[in-house]
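J.: Residue numbers for the sequence shown follow full-length UniProt numbering, so the first one is 1 and each next one is one higher.
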Amino acid sequence: MKERDLNNVFSKIVNAAEKPHLSFPETDAGRTRKRYCQLVNHSLIFVSGQIACYYSLQRKIAVAAANAFVGIAAYRAYVTRKNSAS
């Protein structure tokens, strides 16, 4: 073997040792499992986003209801004062 070939083989060995996850070929089963995991992860992210939007909407409704309640109470107090002054 030539020295250049030995250097090439040596560099391949060093690269494989530095990045062992690249040394294993991807299989059909591995690809399928990876796609399934990605689908599950993306679905969980989507669902959690939808839940966050739902709870955010519930908070907004609760705040709006509280504001309406305070507004009605203030209006009733105003009407009562106005009627008692007359």
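From the three backbone atoms N, C-alpha and C, an ideal C-beta is built for every residue, glycine too.
1. Considering just the uninterrupted stretch of the alpha helix (DSSP H) at T32, what are its terminal residues?
2. Alpha carbon to alpha carbon, how far is S11 from Y55? Give it in angstroms, no decimals.
3. Could you tell me the alpha carbon to alpha carbon distance between N83 and A74, rounded to whole angstroms?
4. Rounded to whole angstroms, what's the CA-CA distance from A64 to D28? Just pull it up for me.
T.: Straight from the coordinates:
1. D28 to A85
2. 56 Å
3. 14 Å
4. 53 Å
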